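As structure tokens, this is what we get:
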């Protein structure tokens with residue numbers, strides 16, 4: 001693997017600007033790494049020819065002095081961002097033949113900023129999963145292993161984090177509904193940032209749960225996350241949930257000075273069955289912040305215990321509504337018609353063939369909680385509890401500037417280790433509350449487990465205050481000095 005594959009966005013940007021590196025050279029190194037990493041099953045669709053064309057255009061911009069922060073930077077795109085004339089599957093057989101005639105706003109913003117698309121990366125089907133085992137195109141392998149045993153990369157942005165951790169791309173787009181950027185980032189030793197809901201446009205993102213889905217960057221450093229978020233974010237009239245607020249200079253927020261900031265530690269996130277190494281890492285994170293002048297404050301988020309059941313009512317309900325559009329009529333998969341089949345049979349057979357088990361499970365749950373007689377008992381009650389969870393955070397931020405928690409309750413686990421869906425859902429226990437409240441959060445690598453796998457810490461902030469989140473994360477990143485990386489066993 002080339003030394004160019006080790007470059008961060010910031011390092012590559014500076015070398016490209018100095019003209020001692022061309023965008024074509026940088027992209028060629030990523031294409032070579034993409035070929036070598038095929039055993040990881042990261043890419044669903046590779047676009048090397050387009051990448052080289054975009055690289056040449058980036059070199060022209062650099063030569064003309066018209067470069068932007070992402071000019072010439074290779075990006076892996078999660079396969080739920082629609083890309084014009086490039087297949088977009090959302091990890092599902094249902095969309096296997098779908099080639100969008102339009103571009104998602106997030107990717108359009110990146111291309112406008114000069115970024116280069118390497119291809120579309122694997123993911124849990126319709127973003128429903130925490131391990132990348134539900135993809136119709138097979139699971140992604142985590143570049144980190146337990147000895148000779150393969151581990152999951154987390155989900156649903158498993159392909160995105162594997163591309164970044166495996167040094168195929170310096171960055172990738174991800175999406176976070178209940179933790180699908182932050183949890184896989186923790187499993188792979190990468191940095192995953194979920195912005196405030198409404199900070200990035202959802203136009204052109206294949207929908208899972210419309211009130212929760214949010215695009216965000218996956219990188220190898222906090223500075224890179226700041227650079228990439230600045231290129232992705234911005235108001236979009238095509239998305240009514242995208243908020244019209246200015247996009248700050250996130251990189252300028254990385255001052256390294258957190259003196260006087262108050263960092264909340266929610267007592268409800270402590271649990272008797274939390275692994276000792278997770279608790280120790282959390283305590284170490286508090287010590288790092290205290291040593292750098294921040295004040296550690298105990299806080300309470302009393303409705304935290306209801307967050308997971310609330311999420312797994314609200315998200316499936318929205319999914320059952322969003323996925324009703326996949327009926328075999330307008331686009332996507334259609335089951336072959338048998339003699340005597342009518343419209344109803346075509347719908348049934350198409351959806352039976354096109355959707356995987358986890359997607360079917362969530363559609364059934366969502367349809368049930370929205371049905372007559374159960375709407376008030378489940379969905380309406382869940383929405384009320386969601387409001388209480390958001391109120392908990394609002395009250396907490398009257399006392400503190402940010403909140404520190406573990407990202408995930410464990411390190412990455414082996415394939416097939418969590419057959420019980422409820423056990424799998426527990427992976428989101430630390431990430432779901434902020435998603436329900438629409439708040440920004442970032443996961444940074446902070447330690448290694450006893451088995452040598454990455455562990456992550458999560459910083460949460462006020463709505464549209466990604467600057468404080470990034471500032472605190474940058475200080476913690478410096479204190480953690482996490483330099484471990486996976487061995488390139490796959491190449």
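Residue numbers (UniProt numbering): 1 to 491.
Yeah, the Cβ is synthetic: ideal placement off N, Cα and C, and Gly gets one too.
Bear in mind the structure is a predicted one, so any value in this text is a computation, not a measurement.
query                                                                                                                                                                 : result
Check the C-beta distance from residue 333 over to residue 128 and give it rounded, since I have them as a contact under 8 Å.                                         : The Cβ separation is near 17 Å, so there is no contact.
Could you spell out the range, first to last residue, of the alpha helix (DSSP H) harbouring residue 471?                                                             : 466-480
For residue 101, is the classification buried or exposed, using 16 other Cβ atoms within 10 angstroms of its Cβ as the cut-off for buried?                            : exposed
Using only alpha-carbon positions, find the residue among 224, 48 and 442 that is nearest to residue 406.                                                             : 442
Taking Cβ to Cβ, would you say residue 92 is nearer than 8 Å to residue 126?                                                                                          : yes
Kindly indicate the opening and closing residues of the beta strand (DSSP E) around residue 302.                                                                      : Premise fails: residue 302 is in no beta strand (DSSP E) and is neither H nor E.
Residues bridged to residue 78 by DSSP?                                                                                                                               : 121
Taking the beta strand (DSSP E) that residue 9 falls in, what are its first and last residues?                                                                        : Element bounds for residue 9: not the beta strand (DSSP E) but the alpha helix (DSSP H), 9-18.
Assuming residue 48 is part of the alpha helix (DSSP H), what are its boundary residues?                                                                              : 48-63
Between residue 320 and residue 15, what straight-line distance do the alpha-carbon atoms span, to the nearest angstrom?                                              : 47 Å
If the criterion is Cβ atoms closer than 8 Å, does the pair residue 121 and residue 43 meet it?                                                                       : yes
Taking residue 492 as the reference, which of 173, 204, 482 and 465 has the closest Cα?                                                                               : The structure shown does not extend to residue 492, since the chain spans only 1 to 491, so no value can be given for it.
Can you pull the DSSP bridge partners for residue 266?                                                                                                                : 299
Quick check on residue 489: buried or exposed, where buried means 16 or more other Cβ atoms within 10 Å of its Cβ?                                                    : exposed
Let me confirm a value: residue 419 is counted as buried when at least 16 other C-beta atoms fall within 10 Å, else exposed. Which label applies?                     : exposed
Alpha carbon to alpha carbon, what distance is there between residue 133 and residue 141?                                                                             : 10 Å
What residue from 161, 347 and 403 has the CA that sits closest to residue 269's CA?                                                                                  : 403
Determine the direct distance from the alpha carbon of residue 316 to that of residue 350, and round the result to whole angstroms.                                   : 20 Å
Here's a check: name, in chain order, each residue in its chain whose Cβ is nearer than 8 Å to the Cβ of residue 239, leaving out the five neighbours to either side. : 105, 201, 202 and 203
Under 8 Å Cβ to Cβ from residue 150, same chain only, skipping five residues before and after it: list those, please.                                                 : 141, 142, 414 and 415
When burial is assigned at 16 or more other CB atoms within 10 Å of the CB, is residue 311 buried or exposed?                                                         : buried
Which whole-angstrom value describes the C-beta separation of residue 261 and residue 470, a residue pair presumed to lie in contact below a C-beta threshold of 8 Å? : That belief does not hold up - the Cβ atoms of residue 261 and residue 470 are roughly 13 Å apart, past 8 Å.
In whole angstroms, give me the CA-to-CA distance for residue 214 and residue 299.                                                                                    : 27 Å
Note down the Cα distance separating residue 17 from residue 206, rounded to an integer number of angstroms.                                                          : 35 Å
Would a C-beta distance cut-off of 8 Å place residue 226 and residue 197 closer than the cut-off?                                                                     : no
For residue 385, which residues of its own chain have a beta-carbon under 7 Å away from its beta-carbon, when the five flanking residues on both sides are left out?  : 303, 306 and 310
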